[in-house]
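Q: Here you go, one structure.
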Amino acid sequence: MNYWPACSANLDECMLPLIDFIRTLVKPGEKTARAYFGARGWTASISGNIFGFTAPLESQDMSWNFNPMAGPWLATHVWEYYDYTRDKKFLKEIGYELIKSSARFAVDYLWHKPDGTYTAAPSTSPEHGPVDQGATFVHAVVREILLDAIEAGKVLNVDRKERKEWENVLARLAPYRIGRYGQLMEWSADIDDPNDHHRHVNHLFGLHPGRTISPVTTPEWAKASKVVLRHRGDGATGWSMGWKLNQWARLHDGNHAYTLFGNLLKNGTLDNLWDTHPPFQIDGNFGGTAGITEMLLQSHMGFIQLLPALPDAWKEGSVNGIRAKGNFEVSMKWRNGKLTEAVVLSNAGEQCTLKYAGQTLSFKTVKGASYRILCDDSGKWFKELIN
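Numbering of the sequence shown is given in my numbering, commencing with residue 9 and proceeding in unit increments.
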């Protein structure tokens with residue numbers, strides 16, 4: 009969570025220390041993968057540290073101590089860095105091996121059931137509920153790291169045979185399921201309690217920070233995710249409110265995201281602006297920052313959504329220089345709750361696709377060039393080259 013706003017807030021250089029840390033986990037993480045799980049690749053546990061500790065702790069409480077997908081979750085940040093910067097040299101020399109090795113672990117960890125599907129067993133929904141054979145959180149992380157590995161391999165045009173294996177596993181991975189309350193199920197059995205206000209929403213990983221649940225591409229799963237968020241409520245710890253702020257933004261519900269932002273400030277922030285658990289825990293500060301960028305701009309689905317979750321309270325405003333995937337810097341102005349102007353700086357010369365208010369504008373860009381998009385009072389827009 010501490011690194012969620014790094015790239016979107018145009019501070020991608022702040023991701024590099026995290027990636028350096030991840031690199032130090034690989035060698036000990038390979039030992040942990042072999043010794044604990046009989047798997048290829050590398051992984052880490054919830055207590056990974058700068059001294060190379062990657063194994064689970066001694067506690068027998070698996071609800072919090074057992075999280076073999078902590079390594080793959082970390083590895084998704086490596087692709088995130090590339091996706092924002094489009095630094096192909098980084099991907100080739102550093103990033104791809106970290107991602108590929110993590111994907112190998114994820115594949116080996118899965119159980120290939122007699123019916124042909126893959127499931128994670130044992131698995132948990134961290135800090136909550138029973139040990140399961142197919143917890144939704146674990147499957148969501150596996151989906152994400154396999155998608156990352158497939159896309160990275162395509163960018164570098166390598167490992168075609170292994171990409172086919174990853175694609176096969178991805179296609180046969182146990183799907184998201186909707187339960188009797190209309191909720192996205194947290195476990196393989198429909199045992200969710202609508203009165204459970206637990207702080208964790210790990211099973212919505214596919215909604216955020218992942219990209220496999222979206223109101224644009226998977227509206228039914230997005231609707232089921234909204235049911236979960238309503239059941240869990242708008243309270244809990246500071247970091248929990250920060251995460252739910254991001255998830256409401258991903259659902260394009262700006263007013264509810266704004267409610268979480270207000271709750272985070274009122275009930276999860278000390279007088280000196282530190283996030284509180286109740287003790288100081290900085291996750292909520294960075295999670296809240298990421299949530300604000302998500303309200304203003306989203307680019308995780310392969311296109312750039314402008315003002316996807318603008319709340320009614322922000323009727324007029326502007327933002328300068330936030331980052332979209334594809335290495336675009338975006339500045340925007342809006343009035344009466346409607347976009348009036350956007351300026352897109354292309355740092356990589358990639359194809360740019362913008363979406364706003366049901367409209368789509370797609371155009372080729374030149375590296376270093378800026379493009380202004382103006383909206384008239386009817387909401388129609390046009391583009392012009394600035395330089």
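For glycine and all other residues, C-beta sits at the position ideal for the given N, C-alpha and C.
What are the residues that DSSP puts in a beta bridge with W50?
A: In the DSSP output, where bridge partners are listed per residue, W50 has none listed.
Q: Please go through the segment 106-190 and give each complete beta strand (DSSP E) segment of 3 or more residues, from N-terminal end onward.
A: 118-120, 126-128, 131-133 and 136-140
Q: Which of the three DSSP states is assigned to V224 in this structure?
A: coil
Q: Beta-carbon within less than 8 Å of T32's beta-carbon, same chain only, minus the 5 sequence neighbours each way: which residues are those?
A: I58 and G60
Q: Taking 8 Å as the threshold, find out whether the segment 32-50 comes into contact with the segment 309-329 through three or more Cβ pairs.
A: Verdict: no, contact absent.
Q: Taking contact to mean at least 3 C-beta pairs separated by less than 8 Å, is the segment 283-292 in contact with the segment 258-269?
A: no
Q: Classify T51 as buried or exposed, calling it buried when 16 or more other Cβ atoms lie within 10 Å of its own Cβ.
A: Label assigned to T51: buried.
Q: Give the straight-line distance between the Cα atoms of P80 and H239, rounded to the nearest whole angstrom.
A: 28 Å
Q: Does the Cβ-Cβ distance between D123 and S131 come in under 8 Å?
A: no
Q: Using only the alpha-carbon positions, how far apart do R180 and Y11 sit?
A: 31 Å
Q: Any idea which residues DSSP pairs S354 with across the strands?
A: Paired residue(s): F336.
Q: Would you call the segment 343-361 in contact with the segment 36-46, where contact means no fewer than 3 C-beta pairs closer than 8 Å?
A: no
Q: Count the C-beta pairs between the segment 64-83 and the segment 145-162 that are closer than 8 Å, then say yes if the count reaches three, no if not.
A: yes
Q: Rounded to whole angstroms, how far is the Cβ of T118 from the Cβ of A111, which I believe are closer than 8 Å?
A: The question names Thr, but residue 118 in the sequence shown is Leu. Not confirmed; about 11 Å, so no contact.
Q: Evaluate P25 with the Cβ neighbour count: other Cβ atoms within 10 Å of its Cβ, from every protein chain shown; 16 or more gives buried, anything less gives exposed.
A: If you draw a 10 Å sphere on the C-beta of P25, you find fewer than 16 other C-beta atoms in it, and that means exposed.
Q: Compute the Euclidean distance between the alpha carbons of A365 and K346, then round it to the nearest angstrom.
A: 9 Å
Q: Would you list the residues sitting across from T277 in a DSSP beta bridge?
A: D283
Q: Please state whether the Cβ-Cβ distance between S233 and L215 is less than 8 Å.
A: Judged by beta-carbon spacing, L215 lies within the 8 Å limit of S233, meaning their Cβ atoms are closer than that value.
Q: Rounding to the nearest angstrom, what Cα-Cα distance links H136 and F336 in this structure?
A: 39 Å
Q: Kindly identify the DSSP beta-bridge partner or partners of K341.
A: S326 and E349
Q: Quick one: what's got a C-beta closer than 6 Å to A143's C-beta in the same chain, skipping five residues either side?
A: Cβ neighbours of A143 within its own chain (closer than 6 Å, five residues either side excluded): S131, T132, S133 and W195.
Q: Please state the DSSP three-state secondary structure of I381.
A: In the structure shown, I381 sits in a strand (DSSP, three-state: E or B).
Q: Take K375 and list the residues in its own chain whose beta-carbon comes closer than 8 Å to its own, dropping the five residues that flank it on each side.
A: S354, N355, A356 and G357
Q: What number of angstroms, rounded off, separates the C-alpha of V235 from the C-alpha of G190?
A: 7 Å
Q: Please report how far the alpha carbon of H147 lies from the alpha carbon of A182, in whole angstroms.
A: 7 Å
Q: Quick check: the segment 156-171 against the segment 100-114, are there 3 or more CB pairs under 8 Å?
A: The count of Cβ pairs closer than 8 Å, one atom from the segment 156-171 and one from the segment 100-114, reaches three, so the stretches are in contact.
Q: For a quick check, are the C-beta atoms of L99 and Y92 less than 8 Å apart?
A: no
Q: Roughly how many angstroms lie between the CA atoms of R94 and S53, to the nearest whole one?
A: Cα to Cα, R94 sits roughly 29 Å from S53.
Q: State the DSSP-derived secondary structure class of F371, mapped to helix, strand or coil.
A: strand
Q: Determine which residues share a DSSP beta bridge with L314 and list them.
A: BP columns for L314 point to L305.
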